[in-house]
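Novice: Take the sequence shown: its position 7, counted from the start at 1, is 7 in full-length UniProt numbering, and no numbers get skipped.
Backbone N, C-alpha and C define an ideal beta-carbon position, used for all residues, glycine too.
The structure's right below; bear with me while I get my questions together.
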Amino acid sequence: MPEGFFHEPVMVKEVLAYLAVKPGGLYVDCTVGGGGHAAAILALIGNEGRLIGLDRDPEALSFARERLGSDPRVHLVHASFADLAEVLAGLGVKEVDGVLYDLGVSSYQLDRPERGFTYREDAPLDMRFDPSSPITAADLVNRLEEEELARIIREFGEERWAKRIARFIVRARARRPILTTGQLVEIIKEAIPAPARRRGPHPARRTFQALRIAVNQELEALKASLPQAADHLKPGGRLVVLSYHSLEDRLVKEFFRRSPYLRPLTKKPLTPSPEEMERNPRASSCKLRAAEKILNPEGGE
Ligand SMILES: C[S@@+](CC[C@H](N)C(=O)[O-])C[C@H]1O[C@@H](n2cnc3c(N)ncnc32)[C@H](O)[C@@H]1O
1 MPEGFFHEPV
11 MVKEVLAYLA
21 VKPGGLYVDC
31 TVGGGGHAAA
41 ILALIGNEGR
51 LIGLDRDPEA
61 LSFARERLGS
71 DPRVHLVHAS
81 FADLAEVLAG
91 LGVKEVDGVL
101 YDLGVSSYQL
111 DRPERGFTYR
121 EDAPLDMRFD
131 PSSPITAADL
141 VNRLEEEELA
151 RIIREFGEER
161 WAKRIARFIV
171 RARARRPILT
181 TGQLVEIIKE
191 AIPAPARRRG
201 PHPARRTFQA
211 LRIAVNQELE
221 ALKASLPQAA
231 DHLKPGGRLV
241 VLSYHSLEDR
251 LVKEFFRRSP
261 YLRPLTKKPL
271 TPSPEEMERN
281 PRASSCKLRA
291 AEKILNPEGG
301 E
């Protein structure tokens, strides 16, 4: 683990089992982050195996490079998994044995206040995985219509006070632009009635999650990427997705169910063991789904 990066990979044993990692295999880690899952895969693929790791965040990728970059079996690429087919074509890869997605944000990104993902410290309201992408959370909060803001906060944050929060945001930004996480947290706290604010998790948690998903167009990227992953799997190849949000999980479930080329291996999503949740609370919302590429879709097998 490179110094400065801490992210405990989630459900590692289950990921390896569902990917059916084997010596000589070629695997794609679409969200390589700090390289936790990638390192576990590398330990099982022998000298002939290969691993391609993608991340949209150049900072995460440089940590992955520090940890794994000297390994000749590893190719790391700064790219969104929405462009998976292009990345594979660029490397001359037609088929792979397994593709892994570990969605969302890493502990490392959350713990770096200057990235603007956390509501626990005051910092610029950014939230971009890729700092070269054009839209920040501050842009959304200061520019979107009230109704669109409310929709994003409700749908992506599953926040029951979405309408009020959007109204308070619009009122506050008329006085001065909302540029920091601290400003936004104060507005959210004002918007949520006191009794509701005192219950449950941090009052800004849901709104921050919603804005992050919107800023990074996370659902669109996943929707674009899954068919590309399925297309590039060898017959018998595995697709494994760890998701942390019900909309992501639904999208994966529907894709697995509809694709004529995939056989779902998990009827219900797997969740981390109680011990893992206790050890790593950030794992607690994780759901794992896996599918296998079918040999002959017409024959149904
Ligand atoms: C939960 S972390 C992955 C942690 C990793 N499995 C590990 O063991 O360290 C998710 C990572 O996905 C990256 N990410 C999010 N959306 C992405 C996308 N569309 N394409 C590529 N990477 C993405 C984030 O930058 C983050 O580093």
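On the three-state DSSP scale, how would you describe I52?
Specialist: Strand, per DSSP.
Novice: Quick one: is L295 buried, meaning 16 or more other Cβ sit within 10 Å of its Cβ, or exposed?
Specialist: Per the 10 Å Cβ criterion, exposed.
Novice: Only counting the same chain, and skipping five residues up and downstream in sequence, which positions put a Cβ closer than 6 Å to that of I188?
Specialist: I165, P203, A204 and T207, listed in sequence order.
Novice: G49 and R67 - do their beta-carbons sit closer together than 7 Å?
Specialist: No, the Cβ-Cβ distance between R67 and G49 is not below 7 Å.
Novice: Which whole-angstrom value is the C-beta distance of L211 and M127, which I expect to be below 8 Å?
Specialist: About 6 Å; that satisfies the 8 Å criterion.
Novice: Label N47 either buried or exposed according to how many other C-beta atoms from any shown protein chain fall within 10 Å of its C-beta, with 16 as the threshold for buried.
Specialist: So N47 counts as exposed.
Novice: Can you find at least 3 beta carbon pairs, one from the region 89 to 96 and one from the region 111 to 119, that sit closer than 8 Å?
Specialist: No: the two stretches stay apart, fewer than three of their Cβ pairs being nearer than 8 Å.
Novice: Might you give, ordered along the chain, the residues of its own chain that have their beta carbon closer than 8 Å to the beta carbon of P23, omitting 5 neighbours on each side?
Specialist: Counting only Cβ-Cβ distances below 8 Å, and skipping sequence neighbours, we find L44, I45, G46, E48 and G49.
Novice: Which residue wins for smallest C-alpha separation from L100, given the options Y27, H78 and E86?
Specialist: Checked all of Y27, H78 and E86; the closest Cα to L100 is Y27.
Novice: Apply the 10 Å Cβ neighbour rule to G200 and answer buried if 16 or more other Cβ atoms are within range, or exposed otherwise.
Specialist: The residue is exposed, with fewer than 16 neighbouring Cβ atoms inside 10 Å.
Novice: Starting from the Cα of P272, find the closest Cα among Y261, R263 and C286 and give me that residue.
Specialist: Out of Y261, R263 and C286, C286 has the C-alpha closest to the C-alpha of P272.
Novice: Between the alpha carbons of E158 and S70, how many angstroms are there, rounded?
Specialist: Their backbone Cα atoms lie some 42 Å apart in a straight line.
Novice: Is the region 273 to 280 touching the region 245 to 254 in the sense that three or more CB pairs, one from each, lie closer than 8 Å?
Specialist: The region 245 to 254 vs the region 273 to 280: no contact.
Novice: From what residue to what residue does the alpha helix (DSSP H) around A191 run?
Specialist: That run of the alpha helix (DSSP H) goes T181 to A191.
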